[in-house]
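In our numbering, the protein residues as written are 3 to 443. The beta carbon of each residue, even a glycine, is placed where N, CA and C say it ideally should be.
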Ligand SMILES: Cc1cc2nc3c(=O)[nH]c(=O)nc-3n(C[C@H](O)[C@H](O)[C@H](O)COP(=O)(O)OP(=O)(O)OC[C@H]3O[C@@H](n4cnc5c(N)ncnc54)[C@H](O)[C@@H]3O)c2cc1C
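In structure tokens form, the structure reads like this:
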């Protein structure tokens, strides 16, 4: 039995602890925040995420999927709100049994932490912030957020599951030839609330992910089990108008009335939410290698933070847990080899996902509004029906399959080339036929 010190008990930390606990490893998990079991809120707000096939598969491996899905709301497609308030529904898949799940971050966090704690070899401590890791010693230096007491947790290996601004990764960044890059979008995000109707029901279609695409920006909303929706405005930090220039309540009201008129009557606390909720930034982080000897490794956002537009960051982090577990099984007595294999299998896929996620922002905020987009989705579904198992839309490969992200991206590019060439050839054929018919007249 080895001892693993895990830093960060966010979404992936709890799940990884469950995987390691199942292996019979000793696990000490340290989280800088207080115990999330106080409620389904993070920072005073309810935040939800889309959970799909990869994440569900990972949860199934440790027997937690049905517990998590009990808290989820199926979202069967995109509900597009155009400027006039007209609605257009576009299903995610031709098969109605394929959908994504809206799940509260707090509820999910609680299930995975409790799942991990069922293993007697797993111990979780809250209010413990890691300040640095001694890489060669696999020792994490901690400070208690309540008492300010410092301590050192030693193990055979430390795993950084401490999110995009990972302290474990910061310690690794001092290593020679450690690659690191971060890139911010010009857009930030702000979460707002659409409360339940007076009878507790949802004020919009509950089984959909709502999108208000407005070309250079957008708002989305995901349903919560309590009848509310959490909506998120993705908007430029700078420029006119932008987060920077919209501070007064009247500016907020004017902007929303112009852009999201149908949502305004559903958001009674709009101005107060806008004022008091923080504006978050959107970052892509790439680094490598994700391990140091057999002593330290990174997983989840700590290794590869992506922007949220494919709804895959958490799903990918959960998939990391499955792959790391498989690699530890493949090399039970050589942890360095296991870490190296895990990095080799995941890095290319994390990079591909990072690109897909940025590209999908353009699709969501701009293309979903167009008839051409909706026609392309219908064509995708038709081709999938005609060529089952051969033609798979990119969205379906990313969301409803476990095809590695890099392979999905390559396959989609290949499919697009074939389909567009075939369509081009068809158009040319039709034109030639018409010309020959006209010349015979
Ligand atoms: C607006 C938005 C929407 C998103 N929507 C989706 C979605 O729909 N679907 C999806 O799959 N993904 C989504 N994501 C991405 C998803 O949130 C992340 O990929 C996921 O949370 C990563 O999990 P993690 O455990 O690696 O990191 P986190 O969930 O960030 O957890 C890291 C944990 O480490 C703790 N920590 C940090 N530093 C320290 C330290 N020094 N010491 C101790 N503890 C520390 C933190 O408190 C936290 O609990 C979204 C992200 C954003 C920003």
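Enclosing alpha helix (DSSP H) for residue 442 [first to last residue]:
Position 440 of the chain shown holds residue 442. That run of the alpha helix (DSSP H) goes 407-442.
Environment of residue 294 [buried if 16+ CB atoms lie within 10 Å]
Within the chain shown, the letter at position 292 stands for residue 294. Under this definition residue 294 is a buried residue.
In whole angstroms, what is the alpha-carbon distance linking residue 313 and residue 363?
The sequence position of residue 313 within the chain shown is 311, counting from 1. The sequence position of residue 363 within the chain shown is 361, counting from 1. Approximately 11 Å between the Cα atoms of the pair.
Considering only heavy atoms of ligand 1, does any lie closer than 7 Å to the CB of residue 51?
As a working mapping, residue 51 is identified with position 49 in the chain shown. Yes - ligand 1 has a heavy atom lying nearer than 7 Å to the Cβ of residue 51.
With distances taken between CB atoms, is the gap from residue 102 to residue 90 smaller than 8 Å?
Position 100 of the chain shown, counting from 1, holds the residue named residue 102. Position 88 of the chain shown, counting from 1, holds the residue named residue 90. Contact flag unset, no.
CB of residue 30 to nearest heavy atom of ligand 1: below 7 Å?
The residue labelled residue 30 in the question sits at position 28 within the chain shown. No, Cβ of residue 30 sits at least 7 Å from all heavy atoms of ligand 1.
Do residue 36 and ligand 1 come close, with the Cβ less than 7 Å from some heavy atom?
By one-based count along the chain shown, residue 36 stands at place 34. Every heavy atom of ligand 1 is 7 Å or more from the Cβ of residue 36, so no.
Cβ of residue 13 within 7 Å of any heavy atom in ligand 1?
Walking along the chain shown from the start, residue 13 turns up at place 11. The answer is yes for residue 13.
At a threshold of 7 Å, does residue 274 count as lining ligand 1 (C-beta to nearest heavy atom)?
To locate residue 274, count along the chain shown from 1; it is residue 272. The answer is no for residue 274.
Work out the CA separation of residue 352 and residue 181 for me, nearest whole Å.
Indexing the chain shown from 1 puts residue 181 at position 179. Indexing the chain shown from 1 puts residue 352 at position 350. Each residue's alpha carbon lies about 14 Å from the other.
Inspect the beta-carbon positions of residue 163 and residue 135 and report whether they are closer than 8 Å.
Residue mapping note: residue 163 aligns to position 161 of the chain shown, counting from 1. Residue mapping note: residue 135 aligns to position 133 of the chain shown, counting from 1. Cβ atoms of residue 163 and residue 135: not closer than 8 Å.
Whole angstroms is fine: what's the gap from residue 396's alpha carbon to residue 123's?
The residue given as residue 396 occupies position 394 in the chain shown. The residue given as residue 123 occupies position 121 in the chain shown. Rounded to the nearest angstrom, the two C-alpha atoms are 41 Å apart.
Those residues which DSSP pairs with residue 173 across a bridge:
To locate residue 173, count along the chain shown from 1; it is residue 171. According to DSSP, which records beta bridges pairwise, residue 173 is partnered with nothing at all.
Do the region 282-302 and the region 204-221 make contact, defined as three or more Cβ pairs closer than 8 Å?
no
Applying the 10 Å Cβ sphere with the 16-neighbour rule, what's the burial state of residue 392?
The sequence position of residue 392 within the chain shown is 390, counting from 1. Exposed.
Would you say the beta carbon of residue 317 comes nearer than 7 Å to a heavy atom of ligand 1?
Here residue 317 corresponds to residue number 315 of the chain shown, with the count starting at 1. Residue 317 Cβ: within cutoff of ligand 1.
Let me confirm a value: residue 267 is counted as buried when at least 16 other C-beta atoms fall within 10 Å, else exposed. Which label applies?
Counting from one through the chain shown, the residue named residue 267 turns up at place 265. Flag for residue 267 reads exposed.
Is residue 360 closer than 8 Å to residue 400 when the C-beta atoms are compared?
Numbered from its first residue, the chain shown carries residue 400 at position 398. Numbered from its first residue, the chain shown carries residue 360 at position 358. No, the pair does not count as a contact, with Cβ atoms beyond the cut-off.
beta-carbon residue 33 near ligand 1 non-hydrogen atom, thresh 7 Å
In the chain shown, residue 33 corresponds to position 31, counting from 1. Within the cutoff, so yes.
What is the rounded straight-line gap between the Cα of residue 16 and the Cα of residue 147?
As a position in the chain shown, residue 16 is number 14, starting the count at 1. As a position in the chain shown, residue 147 is number 145, starting the count at 1. If I take the Cα positions, the gap works out to 20 Å.
Tell me the residue span of the alpha helix (DSSP H) that contains residue 364.
Against the chain shown, residue 364 aligns to sequence position 362. Unbroken alpha helix (DSSP H) run through residue 364: 337-367.
Could you spell out the range, first to last residue, of the alpha helix (DSSP H) harbouring residue 115?
Taking the first residue of the chain shown as 1, we reach residue 115 at position 113. That run of the alpha helix (DSSP H) goes 107-119.
If you draw a straight line from the alpha carbon of residue 337 to that of residue 174, how long is it in whole angstroms?
For this step, residue 337 is matched to residue 335 along the chain shown. For this step, residue 174 is matched to residue 172 along the chain shown. So the two alpha carbons sit approximately 18 Å from each other.
Proximity to residue 243 [Cα-Cα], best of 234, 261, 231
Here residue 243 refers to the residue found at position 241 of the chain shown. Taking only the C-alpha atoms, the option nearest residue 243 is 261.
What's the call for residue 39, buried or exposed, on a 16-neighbour Cβ count within 10 Å?
Translated into positions along the chain shown, residue 39 becomes position 37. With fewer than 16 Cβ atoms within 10 Å of its Cβ, residue 39 is classed as exposed.
With a threshold of 8 Å on Cβ separation, who are the neighbours of residue 47 within its own chain once the five nearest residues in sequence on each side are excluded?
Position 45 of the chain shown, counted from the start, is the residue given in the question as residue 47. Only weak support exists for where residue 47 lies, its pLDDT of 47 falling under 50; the value from the coordinates is given anyway. Counting only Cβ-Cβ distances below 8 Å, and skipping sequence neighbours, we find 193, 195, 232, 279.
Using the Cβ count rule (16 or more neighbours within 10 Å means buried), how would you classify residue 274?
To locate residue 274, count along the chain shown from 1; it is residue 272. Exposed, by the Cβ-count rule.
Ligand 1 and residue 131: does the residue's C-beta get closer than 7 Å to at least one heavy atom of that ligand?
Here residue 131 corresponds to residue number 129 of the chain shown, with the count starting at 1. Under cutoff, so the answer is yes.
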